[in-house]
Amino acid sequence: MPNRKRKPLFSLAIACRIALNLQALNNEGTENNRLIPRQVSLVVPTRDPDGQPHYIVEEVHAISGDMLKHIFMDYLRLIALDRGLPLCDACRALHPGRMLGNAEFTRQLADQNNPTFWDTTDKGQRLNGARVTDQLLTCVLDDLGGTLIPVGDGVRRESPLDFGWIAGVPELTHTRQYIHTRHAANLAARKPDGNDADSEQPQINSGQMLFERTASSGVYALLAHLSVYDIGYNRYARDYPAEVNGIPLDRAARLEATLLALTETLRYPKGALTSTQMPHPVNLEGYLSLSTTAAIAAPMISPLHVDYIAATQALLGPLERLHGKDKVSIHLFHSEAELLALTADILNTYAPARLVR
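Numbering (this note's numbering), first residue to last: -16 to 340.
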């Protein structure tokens, strides 16, 4: 069967509401034996007793974009390993520095006489951002996750994928504290010979311990945006290398891995405390919006808006008048199954677009 020509996709956005019960995916930390939930302030539109519109500030439970990006990157690494996509040794080994965790790479960066990354100019040695970026693009995680190289003038590989906070919808989210205890029945300190320890024997408090944990339930608003054109793009050279040092840069495969990792992040957000407080997902609904031109970012309005789907759909007409027909589209989903089916349709219809030099 001949390959069908796919449409160029410049950007993609997702806006959705996720109903989660009994989760503690992100927390501020602990104070003594108490877990402190992560709270944020939201400006919420409302009406006063006379019916006049105004705003109030409400505190809600939230999960940071950093946590979501961390969950996404874990899934992206697993998918890259499963599909044989290129990863640097540091990312394979879960090194937090990504490419900077590779000894040979950092050695070449440190040696200003090494022509691999350094150029000789009339003002001295200068780091070549294009060649450094080419090396970063050889790893899927450095490409999609972004990396900062703090050497010389610095080289920045910005992530094509942006996450916002996932914030609880006011009046639809609730957090409570629960007391837990750890104890061991008939536990006594023992001497090495097995006899009971006397009162002077130092003892370790390994018995009962009280602690408080939070559990939050509610409807959460999530917003993310993917600059598809930026996958595999070298901003310094303004080009898309087909390969670097014999390593192929398959942009279509990277887009597929990115969307699969994104769907897994939504289906099973494996954040903090999931070993004993795995969240109960109840529902997932929202939309994916697409843009097939560099002139328009995929339209999105926060799911914190009471009618965010209709508000986003209302943008289509004005955008069409300004930029022409068939430049943007919005695709609704009302469940995990519909999101997965929609993702498959997008991958079968679109390919990563390229910026024109």
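Glycine is no exception: its CB is placed at the ideal position from the N, C-alpha and C atoms.
Owing to the predicted nature of the structure, the values given are computational and were not obtained by experimental measurement.
Stretch-stretch touch, CB-based, cutoff 8 Å, three pairs: the stretch 288 to 298 with the stretch 234 to 253 | no
Roughly how many angstroms separate the alpha carbons of Ala324 and Phe316, rounded to a whole number?
-> 9 Å
When DSSP builds the beta bridges, which residues end up paired with Trp101?
-> Leu110
Shortest alpha-carbon distance to Thr130 belongs to which of Ser272, Ala73 and Ala277?
-> Ala73
Should the stretch 260 to 276 be called in touch with the stretch -9 to 8, which here means at least 3 C-beta pairs below 8 Å?
-> yes
Complete beta strand (DSSP E) runs within the stretch -4 to 29 (minimum length 3 residues, chain order) = 10 to 14 and 17 to 20
Run of the beta strand (DSSP E) containing Leu144, from where it starts to where it stops | Leu144 to Phe146
Indicate the three-state DSSP secondary structure (helix, strand or coil) for Lys308 in the structure shown.
-> coil
Indicate whether the contact test is met: 3 or more Cβ pairs, each with one atom in the stretch 32 to 41 and one in the stretch 57 to 65, closer than 8 Å.
-> no
Counting only runs of 4+ residues fully inside the stretch 245 to 307, write out the alpha helix (DSSP H) ranges in chain order.
-> 291 to 296 and 299 to 306
What's the gap between the Cα of Gly80 and the Cα of Ile149?
-> 25 Å
Chain-order list of residues whose beta-carbon lies under 6 Å from that of Arg341 (same chain, five-residue window excluded) | Only positions -16 to 340 of the chain appear in this structure, which leaves residue 341 out of reach.
Helix, strand or coil for Val40 per DSSP?
-> strand
In whole angstroms, what is the alpha-carbon distance linking Leu18 and Pro286?
-> 28 Å
In three-state terms, what does DSSP make of Ile132?
-> strand
Out of Thr197, Gln35 and Arg218, which has the shortest C-alpha to C-alpha gap to Asp126?
-> Arg218
Spatial distance of Tyr291 from Ile1 (CA atoms) | 14 Å
Whose C-beta lies closer than 8 Å to the C-beta of Leu124 among residues of the same chain, with five residues either side of it excluded?
-> Met56, Leu59, Arg60, Ala63, Leu70, Cys71, Cys74 and Arg81
Give every residue of the same chain whose Cβ lies closer than 8 Å to the Cβ of Ala336, excluding the five residues on either side of it in the sequence, and list them in chain order.
-> Pro(-9), Leu(-8), Phe(-7), Val211, Tyr212, Thr275 and Ala277
Beta-carbon gap between Tyr203 and Leu3 smaller than 8 Å | yes
Which of the three DSSP states, helix, strand or coil, is assigned to Glu154?
-> strand
For Leu325, which three-state DSSP category applies?
-> helix
Thinking C-alpha only, which one of Leu205, Thr121, Gly107 and Phe100 is nearest Arg114?
-> Phe100
At which residues does the beta strand (DSSP E) containing Arg(-13) begin and terminate?
-> That residue, Arg(-13), is in no beta strand (DSSP E); it is neither H nor E in DSSP.
Tell me, to the nearest whole angstrom, how far the beta carbon of Asn9 is from that of Thr197; I am working on the premise that it is less than 8 Å.
-> Between Thr197 and Asn9 the Cβ distance is about 10 Å, and since that is not below 8 Å, they are no contact.
Please report how far the alpha carbon of Arg140 lies from the alpha carbon of Gly128, in whole angstroms.
-> 9 Å
Provide the residue span of the alpha helix (DSSP H) that contains Arg140, from first to last.
-> Looking at the DSSP string, Arg140 is not in any alpha helix (DSSP H); the run it does join, the beta strand (DSSP E), is Val138 to Arg140.
CB-CB under 7 Å to Thr246, same chain, minus the five flanking residues each way: which ones, in chain order?
-> Leu322, Leu323 and Thr326
May I ask you to list the residues that DSSP assigns as paired with Pro335?
-> Leu(-8)
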